[in-house]
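The structure under discussion appears below in the form of structure tokens.
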Amino acid sequence: MLNVDTTVSEEVLQQIPSPTVDDKELSRQDAVPTLDEIVKAIGQIKNKKAPGKDDIPAELLKEGGHYVAEWLHEIIRDVWEQEVMEEMDSIHNKRNRAMQQHNELLFIQQHLLNRLESLRDQSRYDENDNKLLSLPIKQIQDTKIVTRRIREKQDRLKSVKLINKTLNLCKQHLQCDLDLLRKELPNVHKDIGHKFHQRMLLKKEFTDIVDENKRRLNVYQQLLDHTEAQSRQRRAIHEQAMASVSEQLEDQYQVQMMALNEMTTSFETRKFNNDTDPLKNLQQKNLTMMNSDEIVQVRCMYDQFYNIIMAGFPIDIANSKQLKTVTNEVSAKIVAMLTMTNRMMEEKEQLNQQINRMDKLLKLIEMSINLKNHTRHKILNTMIEQRQNLESFYINDTVEDQNRILRQINDFLLVLSKVLCEHIGTQFTIEPPIDFIERLQYVFDLVSKTVKTITTESIDDNDHQISPIIRHNDGEENTQQNSGKDL
2 MLNVDTTVSE
12 EVLQQIPSPT
22 VDDKELSRQD
32 AVPTLDEIVK
42 AIGQIKNKKA
52 PGKDDIPAEL
62 LKEGGHYVAE
72 WLHEIIRDVW
82 EQEVMEEMDS
92 IHNKRNRAMQ
102 QHNELLFIQQ
112 HLLNRLESLR
122 DQSRYDENDN
132 KLLSLPIKQI
142 QDTKIVTRRI
152 REKQDRLKSV
162 KLINKTLNLC
172 KQHLQCDLDL
182 LRKELPNVHK
192 DIGHKFHQRM
202 LLKKEFTDIV
212 DENKRRLNVY
222 QQLLDHTEAQ
232 SRQRRAIHEQ
242 AMASVSEQLE
252 DQYQVQMMAL
262 NEMTTSFETR
272 KFNNDTDPLK
282 NLQQKNLTMM
292 NSDEIVQVRC
302 MYDQFYNIIM
312 AGFPIDIANS
322 KQLKTVTNEV
332 SAKIVAMLTM
342 TNRMMEEKEQ
352 LNQQINRMDK
362 LLKLIEMSIN
372 LKNHTRHKIL
382 NTMIEQRQNL
392 ESFYINDTVE
402 DQNRILRQIN
412 DFLLVLSKVL
422 CEHIGTQFTI
432 EPPIDFIERL
442 QYVFDLVSKT
452 VKTITTESID
462 DNDHQISPII
472 RHNDGEENTQ
482 QNSGKDL
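Mapped onto my numbering, the consecutive letters of the sequence shown carry residue numbers 2 to 488.
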């Protein structure tokens, strides 16, 4: 197909439309080249390529920078305006070099060589006279000047060649360095991007940590405010509870004193007259003596008080077999006193539990809350002060209640002992300094003796022993009765 001849008519070629150029583009093409275009054209020249006729490498033009670009711009502008391109005359080997006298270096070199040959011919010795022919001084000076210029030109050429060689070596090294830099540039960009990304992540983490610390600080502040509010509320509740407990204790004390006074008056009304025989009085006024139920009530009451004071056990009224038989008014008062005492014990136990809870709360606050020193110490000091107040109130109140109960029981024992001694006609010989347990045993002996006298029941082995005072009085009565019978 390629070897086949083809003919194209002129008409077909004329039918091909020619491209039209815009007026703006034509004006741009006719305008003088600018300095930016010269710089752009120099940058587009490829390195390490064969130079032109002027033997100027592209690297040298690029290294010249802005100064070389301005110089080339002036030359191109002159050529553009004058529309004349200067040509460079080249000297070929086969042409006559004498014709090219405007080439300075070649002309000077040839002229000097010719001049030196002529001077060599003129400097000869005369064999006959044996004298050196003298040359004119002017010629010698001209020769020196010319040789000096030749040496200067040669030195300059050598310097230029050395500089050019050095520049080429530097360009080669620079090119190698540039290639290495181009190869390492992606890795450097990658490392820089990775480090920048890490710094951004660290900055984000730091900001997140700061925000989280601020949020926790706000939560701790809210918790502190809530804790302070709860402590104030609890302090108010504790104060109200303490006030109510103190009022209740005072009321219970008044009720107990009233019950004790009523029981004392009831025993006072049961006294016998001393002008008659005790046995007659017992037979005549049998209704005014304590019956067996009342004696059981008294013994049950003292058993319960003994458990409270000596052992500290609570009163179990519901499971008490002795109190189930109580039906009269005096028994109801005794049950009321025991119930109040039981309530006092329960309230004291609640106070003890509340103090334990305050201790646990103090430990919890001390272990869990991580606040500032002054705020933390303020909370701890407030809670410790509140606990000490509760503990001091509990301790003082407990001692006062125990002392009050002891005083009431001692007074009641004294009154009961005197009344029983008067009932059975014996003398009260037990003084108050005697121990509480012995005094209570003495009262029980009196009660048991009275029961035996009234009911005339047999004495069991499990009953309490009769007091020596009662036995002595009983022996005197028996001797009196026997003497009366004998009379």
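Virtual Cβ for every residue (Gly too), placed ideally from N, Cα, C.
Can you find the residues in the same chain that come closer than 8 Å, C-beta to C-beta, to residue i, ignoring five residues on each side of it along the sequence?
i: ILE39; result: ALA70, LEU73, HIS74 and ILE77
i: ARG216; result: none
i: GLN15; result: none
From residue i to residue j, what distance separates their C-alpha atoms?
i: GLU228; j: ASP209; result: What sits at residue 228 in the sequence shown is Thr, not Glu. Taking the straight line from one Cα to the other gives about 28 Å.
i: ASP212; j: GLN199; result: 20 Å
i: ASN219; j: ILE193; result: 39 Å
i: GLU11; j: SER19; result: 15 Å
i: PHE197; j: ASN214; result: 25 Å
i: ARG149; j: GLN45; result: 43 Å
i: ILE238; j: LYS205; result: 49 Å
i: LYS166; j: ASP156; result: 15 Å
i: ASP79; j: LYS49; result: 29 Å
i: LYS184; j: ALA32; result: 42 Å
i: GLU248; j: GLN241; result: 11 Å
i: ILE57; j: GLN30; result: 27 Å
i: VAL489; j: GLY65; result: For residue 489 there is no data in the structure shown, the boundaries of the chain being 2 and 488.
i: ASP37; j: HIS67; result: 10 Å
i: ASN169; j: LEU163; result: 10 Å
i: LEU27; j: LYS154; result: 48 Å
i: VAL85; j: ILE151; result: 34 Å
i: GLU82; j: PRO34; result: 11 Å
i: GLN222; j: GLN234; result: 18 Å
i: PRO187; j: THR21; result: 45 Å
i: ASP178; j: VAL161; result: 25 Å
i: ASP180; j: HIS174; result: 10 Å
i: VAL158; j: HIS195; result: Contrary to the premise, residue 158 reads as Leu rather than Val in this sequence. Between LEU158 and HIS195, the C-alpha separation is close to 53 Å.
i: MET201; j: SER232; result: 46 Å
i: LYS41; j: LYS25; result: 21 Å
i: LEU203; j: ASP23; result: 58 Å
i: ALA230; j: PHE207; result: 34 Å
i: ILE17; j: VAL189; result: 55 Å
Does any CB atom of chain C fall closer than 8 Å to the CB of residue i?
i: TRP81; result: Among the chains in the structure shown there is no chain C, since it carries only a single protein chain.
With a CB to CB cut of under 7 Å and the five nearest residues on each side skipped, what residues in its chain are close to residue i?
i: GLN176; result: none
i: ILE43; result: LEU62, LYS63 and ALA70
i: SER459; result: With a pLDDT of only 35 at SER459, under the threshold of 50, the placement of this residue in the model should not be trusted; the figure read from the coordinates follows. Excluding residues within five positions, none has a Cβ falling inside 7 Å.
i: LYS531; result: An answer regarding residue 531 cannot be provided, because it is not within the stretch 2 to 488 covered by the chain.
Within the continuous alpha helix (DSSP H) that includes residue i, where are the two ends?
i: VAL33; result: No alpha helix (DSSP H) contains VAL33, which DSSP labels as neither H nor E.
i: VAL69; result: 67 to 83
i: VAL13; result: 11 to 16
Within its chain, find whatever has a CB closer than 6 Å to the CB of residue i; leave out the 5 residues flanking it on each side and keep chain order.
i: SER321; result: Unreliable positioning characterises SER321 in this predicted model, as indicated by a pLDDT of 48, which lies under 50. A coordinate reading is not provided.
i: GLU60; result: ASN48 and LYS172
i: LEU182; result: none
i: MET259; result: none
Can you check the region 139 to 218 for any alpha helix (DSSP H) of at least 4 residues that lies completely inside it and give the ranges in chain order?
Runs found: none.
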